[in-house]
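Down below is the structure, laid out as structure tokens.
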Amino acid sequence: MTDTPTTNPPRQIGVGLISVGWMGKLHSRAYRNLPLVYPELGIAPRLVHAADTAADRAAYAHDVLGYEKFTTDYHDVLNDPEVDVVSICAPNFLHAEMGIAAAKAGKPFWIEKPVGRNVDETRSVAEAADAAGVVTSIGFNYRHAPVVEHIRELVADGTLGRITNVRGRMFADYSAEPNGALSWRFIRSLAGSGVLGDLMGHLIDLIHYTVGPIAEVSAVTKTVYTDRPELPMGAATHFAVIENGVRKPVENEDYAGMLVRLSGAAVGADAVGTLEASRVAVGPRASYGFEIYGTEGSVRWDFQRMNELEVALGRGAAEFGYTTVYAGDGYGDFGHFQPGAGTAMGYDDLKVIEARKFLEAVTGAGQANSNIHDAVAANSVVTAAEQSAADGRWQQIPDEAGSTTVAVRANAPEQVRHG
């Protein structure tokens, strides 16, 4: 008689969810897919308790998403002893309050960006998380794309040489309709900045993650549509179009452009660049991308073609120019999702990777996740850009201790860091 092979049962981690909107549903799907995509982790998220101020959405979390309990008071989630980790997916103006409350409750939390409406709010969450010693992870979706992870390696190992300059844009059309609803995203007391915090924050994180932190910024902003028809809170999304509605002022910017200088902690310590973001561009649907130029080569990436990398290496050959390469096994986490290059991953998959990094950090199995100090670093640049747009002057941004960008740069090859 031979012994029957046995395996240890997966470790269950109780999940709490705060806010059951589109992003809350996406976090929930990511948790449920985690053991299917990463069975080797031995982690089985258990959807325990969900909260939303709208009773029907709270009930949806139970009836459809599969949470065992639901409530209209998020404190019930934080006080539940069966909840080990929390996802915070509420609107911007609630992030700081909820993040601080989660930290004080001793719950590791995965929170969407921007964590605060300004850098001071974001830093208050960081201080609470540090004081409590809880793991944090931030919803910087795009850094997890396998091509982006590969670009980061090309920069860090010196393949592109010394980085000289960067270009980036986050152009979307979700507010290009003049009769698009005046949701909370357009009201400063609820959202903080406009496209700076909503889209530019992602682009800043991509530059921080792949090249290094931004040290100085000079910015210009513009509000293209100065009023929009009012939308009652929770009635619809900012994609809604309202004809003949009561119009009220838009209180933050639709477009932002920045000149940047990177800090000494970056691989290209003397690198400069231009970054732009717009939520009212006509044509681009979600053209989120960047270009990195070095002394030995350059790369280009666009989220709308998420699984493709354009790369140019070397100089002088007759056939020299950009080559399009498709993500495949060996590019970040691609091999966990698809069997070979040319079969595309999607946006939802990036959230599964994000969930993996978060729960690995919670269980002590790894530290590949973003953290609250990455949110402070990005929001420091956003706040400095707002100040620069107001006074027309260059603004300096200090390096943020504890962010993953500074740690990566410190490990870069000496000849790359110093040219």
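The letter at position 95 of the sequence shown is residue 1317 when you use the working numbering, and the numbering goes up by one with no holes. Glycine included, every Cβ here is placed at the ideal spot set by N, Cα and C. As the structure is a computational prediction, the values presented were derived from the model and not from experiment.
- Message: For asparagine 1401 and phenylalanine 1393, what's the separation of their Cα atoms in angstroms?
- Response: One-based indexing of the sequence shown puts residue 1401 at position 179. One-based indexing of the sequence shown puts residue 1393 at position 171. Spanning the two alpha carbons is a distance of roughly 19 Å.
- Message: Are the CB atoms of arginine 1345 and histidine 1317 within a distance shorter than 9 Å?
- Response: For the purposes of this step, residue 1317 is taken as the residue at position 95 of the sequence shown. For the purposes of this step, residue 1345 is taken as the residue at position 123 of the sequence shown. No; because the gap between Cβ atoms is not below 9 Å, this pair is not in contact.
- In whole angstroms, what separates the C-alpha of histidine 1640 from that of glycine 1355? In the sequence shown, counting from the first residue as 1, residue 1640 sits at position 418. In the sequence shown, counting from the first residue as 1, residue 1355 sits at position 133. At histidine 1640 the pLDDT is 38, less than 50, meaning the model places this residue with poor confidence; the figure from the coordinates comes in the next sentence. Rounded to the nearest angstrom, the two C-alpha atoms are 35 Å apart.
- Query: What's the call for tyrosine 1544, buried or exposed, on a 16-neighbour Cβ count within 10 Å?
  - Reply: Sequence index remark: in the sequence shown, residue 1544 carries index 322 (1-based). Per the 10 Å Cβ criterion, exposed.
- Task: Report the option in Gly1383, Phe1362, Ala1327, Ala1266 whose CA atom is closest to the CA atom of threonine 1626.
- Result: Counting from 1 along the sequence shown, the entry for residue 1626 is found at position 404. When each option's Cα is compared against that of threonine 1626, the closest is Phe1362.
- Task: For phenylalanine 1292, count neighbouring C-beta atoms within 10 Å of its own C-beta (all shown protein chains included) and say buried if the count is 16 or more, exposed if not.
- Result: The residue given as residue 1292 occupies position 70 in the sequence shown. With 16 or more Cβ atoms within 10 Å of its Cβ, phenylalanine 1292 is classed as buried.
- For aspartate 1298 and alanine 1273, believed in contact at Cβ under 8 Å, the rounded distance: Position 51 of the sequence shown, counting from 1, holds the residue named residue 1273. Position 76 of the sequence shown, counting from 1, holds the residue named residue 1298. The Cβ separation is near 6 Å, so the contact holds.
- Message: I need the DSSP call for aspartate 1449, collapsed to helix, strand or coil.
- Response: Here residue 1449 corresponds to residue number 227 of the sequence shown, with the count starting at 1. Aspartate 1449 falls in the strand class under three-state DSSP.
- Within the region 1421-1502, ranges of the alpha helix (DSSP H) (whole runs, at least 4 residues): 1423-1432
- Item | Contacts around phenylalanine 1525, its chain only, beta-carbon distance under 7 Å, and the 5 residues preceding and following it disregarded | Along the sequence shown, one-based indexing puts residue 1525 at 303. Around phenylalanine 1525: Tyr1364, Ala1508, Tyr1510, Gly1511.
- Determine the extent of the alpha helix (DSSP H) in which methionine 1392 is found, giving its start and end residues. Residue mapping note: residue 1392 aligns to position 170 of the sequence shown, counting from 1. That residue, methionine 1392, is in no alpha helix (DSSP H); its beta strand (DSSP E) goes 1385-1394.
- In whole angstroms, what separates the C-alpha of aspartate 1420 from that of proline 1231? What you label residue 1420 is simply residue 198 of the sequence shown in a count that begins at 1. What you label residue 1231 is simply residue 9 of the sequence shown in a count that begins at 1. Each residue's Cα considered, the two are about 40 Å apart.
- Item | Where the alpha helix (DSSP H) containing valine 1357 begins and where it ends | As a first step, residue 1357 is located in the sequence shown; it is residue number 135 there, counting from the start. From DSSP, valine 1357 is part of no alpha helix (DSSP H); its letter is neither H nor E.
- Query: From this set, Ser1440, Thr1605, Arg1469, which residue's C-alpha is nearest leucine 1453's C-alpha?
  - Reply: Here residue 1453 corresponds to residue number 231 of the sequence shown, with the count starting at 1. Selected option, being the one with the closest Cα: Arg1469.
- Residue closest to valine 1237, alpha-carbon to alpha-carbon, out of Ala1283, Asp1555, Gly1588: What you label residue 1237 is simply residue 15 of the sequence shown in a count that begins at 1. Of Ala1283, Asp1555, Gly1588, the residue nearest in Cα terms is Ala1283.
- Item | Proximity winner among Asp1285, Asp1306, Thr1294, Ile1240, relative to alanine 1266 (alpha-carbon distances) | To locate residue 1266, count along the sequence shown from 1; it is residue 44. Nearest option by C-alpha distance: Asp1306.
- Taking 9 Å as the CB-CB limit, is glutamate 1452 close to chain D? The question asks about chain D, but that chain is absent: this structure has only one protein chain.
- Candidates Val1369, Leu1376, Lys1326: closest to alanine 1353 by CA position: Counting from 1 along the sequence shown, the entry for residue 1353 is found at position 131. The shortest Cα separation from alanine 1353 among Val1369, Leu1376, Lys1326 belongs to Lys1326.
- Task: Using beta-carbon positions only, say whether threonine 1381 and leucine 1484 come within less than 9 Å of one another.
- Result: As a first step, residue 1381 is located in the sequence shown; it is residue number 159 there, counting from the start. As a first step, residue 1484 is located in the sequence shown; it is residue number 262 there, counting from the start. No; because the gap between Cβ atoms is not below 9 Å, this pair is not in contact.
- Where DSSP assigns a beta bridge to valine 1370, which residues make up the other side? Position 148 of the sequence shown holds residue 1370. Valine 1370 pairs with nothing; no bridge assigned.
- Message: Would alanine 1577 and leucine 1256 qualify as a contact pair, given that the criterion is a beta-carbon distance under 9 Å?
- Response: For this step, residue 1577 is matched to residue 355 along the sequence shown. For this step, residue 1256 is matched to residue 34 along the sequence shown. It is a contact, given that the beta carbons lie within the stated cut-off.
- Message: Contact defined as beta carbons within less than 8 Å: I believe phenylalanine 1556 pairs with methionine 1567. What is the distance between those atoms, to the nearest angstrom?
- Response: As a working mapping, residue 1556 is identified with position 334 in the sequence shown. As a working mapping, residue 1567 is identified with position 345 in the sequence shown. Contact flag correct, Cβ pair sits at about 7 Å.
- Task: Could you work out which residue in Ile1385, Gly1479, Glu1473 is closest to serine 1411 when comparing CA atoms only?
- Result: The residue labelled residue 1411 in the question sits at position 189 within the sequence shown. Taking only the C-alpha atoms, the option nearest serine 1411 is Glu1473.
- Query: With 16 as the cutoff for other CB atoms within 10 Å, does alanine 1437 come out buried or exposed?
  - Reply: Your numbering for residue 1437 matches position 215 in the sequence shown. So alanine 1437 ends up on the buried side.
- Compute the Euclidean distance between the alpha carbons of glutamate 1475 and alanine 1607, then round it to the nearest angstrom. What you label residue 1475 is simply residue 253 of the sequence shown in a count that begins at 1. What you label residue 1607 is simply residue 385 of the sequence shown in a count that begins at 1. Roughly 12 Å separates the two Cα atoms.
- Task: Please report the residue range of the beta strand (DSSP E) in which isoleucine 1235 lies.
- Result: What you label residue 1235 is simply residue 13 of the sequence shown in a count that begins at 1. First-last of the beta strand (DSSP E) with isoleucine 1235: 1233-1240.
- Item | Status (buried if at least 16 other CB within 10 Å, exposed otherwise) for valine 1574 | Taking the sequence shown and counting its residues from 1, the one referred to as residue 1574 is at position 352. Burial call: buried.
- Task: In the DSSP assignment, find the beta strand (DSSP E) that holds serine 1602 and state where it starts and stops.
- Result: Residue numbering aside, residue 1602 sits at position 380 when the sequence shown is read from its first letter. Not the beta strand (DSSP E): serine 1602 falls in the alpha helix (DSSP H), residues 1594-1613.
- Please go through the same chain and pick out, in chain order, the residues whose beta-carbon is closer than 7 Å to the beta-carbon of tyrosine 1296, but skip the five residues on each side of it. Numbered from its first residue, the sequence shown carries residue 1296 at position 74. Ile1240, Ala1273, Met1320, listed in sequence order.
- Query: Taking the continuous beta strand (DSSP E) assigned at valine 1533, which residues delimit it?
  - Reply: For the purposes of this step, residue 1533 is taken as the residue at position 311 of the sequence shown. That run of the beta strand (DSSP E) goes 1530-1535.
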